[in-house]
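Note sheet for the following structure.
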Amino acid sequence: MMTSPTAGFALARQLQSREGAPLGDLFSFVSGLYFRGKLTYARRFARPPDPEDPIIAGGVLVITPSAGLRAADTPVTVESFQGFARTDVDARNAAYRTPLEQSSKALHAAIGPDCEVVLLGSIASGKYVDLLMPIFGERLMFPPRFVGRGDMSRGGLMLRCVEASEELDYVPLAGAVRHGQRPPRLEPTTTKATKITKDTKAE
C-alpha cells in the first residue's frame, strides 16, 4: 500500500516523494493503534534534559529495524522504508543489533547521569531489552501496567493516559517481573454526543 505507484492517499505520496514522510507517521500507519498510542504518549510526557540536542531528539525516539534509534520526525524515503521491511528485528541479527547499540550508546552519553530512559515497546521478549539493558542499566524503565497486556491493549492504555493527562508509573526493568496474567480489559471510552430532535407539527 505504501510503495504502490498507484497509491492515492497523502502519506504514501509523501513517502514516495524526494523529501520522504515522517518516521512516526509511517509507523503509526503500519502498526495502527499500538504505535499511535506510544507516539502520542511519548510526545505528551517526555521530559528530555536538552530538547535541542539532535541525539536526544526532543525526548521521543523510535527503534527502527535497520537504523537504530531515530527521531520520530525523521524523514523516511521509499528506499529506507523497504530497508526496514527487509531487516529482521532479532538481537542475533547484526543489521538490526549494531545500529541500535551504537545509537543507544550515543544517547546514553548525551542524556547525562540523571535522566531515565522509558521503554514503551515490548518488554516480554528480549529483542529490545537484551540490547538496551547493558547500555542503560538501572536507568532503563518501563510501566509495570504493561505486564500481561498485548500490543493493542498497551496502545489503548497510553491513549487513555494522554486523554486524562495522567502519566504512568515506571520501575527499572532490571530484575522486574516482565510476564504475568492478562489484566482486565480496558473500560471502553465514552463518546460525548449531542442529540438533536426535530419537532414536527401536522398542518
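According to the numbering used here, the residues represented by the sequence shown are -4 to 198, in order.
Yeah, the Cβ is synthetic: ideal placement off N, Cα and C, and Gly gets one too.
Note that the structure is predicted; figures quoted are calculated from it, not measured.
Measuring CA to CA, which of S117, C110 and S148 is closest to F201?
-> With the chain represented from -4 up to 198, any question about residue 201 goes unanswered, as that position is not in the structure.
Can you give me the Cβ contacts of Q11 inside the same chain, cut-off strictly under 6 angstroms, excluding the 5 residues immediately before and after it?
-> Here the set comprises V73.
Report all residues from its chain with a CB closer than 6 angstroms to the CB of F200; omit the five preceding and five following residues, and keep chain order.
-> With the chain covering -4 to 198 only, the question about residue 200 has no answer from this structure.
For A86, which residues of its own chain have a beta-carbon under 8 angstroms away from its beta-carbon, when the five flanking residues on both sides are left out?
-> For A86, where only same-chain residues beyond five positions count, the Cβ hits under 8 angstroms are R92, G121, K122, D125 and L126.
Alpha carbon of F141 to alpha carbon of P70, nearest angstrom = Straight-line Cα distance between these residues: approximately 30 angstroms.
So what does Q4 bridge to, in DSSP terms?
-> Residue identity differs from the one stated: residue 4 is Phe in this sequence, not Gln. None; F4 has no bridge partner.
Starting from S95 and walking both ways along the alpha helix (DSSP H), at which residues does that stretch end?
-> In the sequence on display, residue 95 carries Leu and not Ser. The continuous alpha helix (DSSP H) containing L95 extends over residues A89 to I106.
Have a look at A159 and S117 and give me their C-alpha separation to the nearest angstrom.
-> Straight-line spacing of the CA atoms in A159 and S117 works out to 23 angstroms.
Sheet register partners of V112 (DSSP bridge) = DSSP output for V112 lists L135 as bridge partner(s).
A5 to I58 span [Cα, whole Å] | Rounded to the nearest angstrom, the two C-alpha atoms are 24 angstroms apart.
Just confirm the distance between the C-beta atoms of E162 and F40, as a whole number of angstroms; I'd bet it's less than 8 angstroms.
-> E162 to F40, Cβ: 5 angstroms. Contact.
Among L28, R134 and G63, nearest to L154 - alpha-carbon criterion = Answer by Cα proximity: L28.
Quick one, are the C-beta atoms of A7 and I50 less than 9 angstroms apart?
-> Contact annotation: A7 and I50 have beta-carbon atoms that are not nearer than 9 angstroms.
Do you know whose CA, among A169, A2, T82 and R149, lies nearest A37's CA?
-> Closest option to A37, Cα to Cα, is R149.
Could you check how far apart the C-beta atoms of D68 and G19 are, in whole angstroms? I think they sit under 8 angstroms.
-> The Cβ separation is near 6 angstroms, so the contact holds.
Mapping DSSP to helix, strand and coil, what is L168?
-> Three-state DSSP puts L168 in coil, outside helix and strand.
Skipping 5 residues on each side, what residues in its chain have a beta carbon closer than 7 angstroms to that of P60?
-> Cβ within range, chain order: F79, T82, V84 and Y91.
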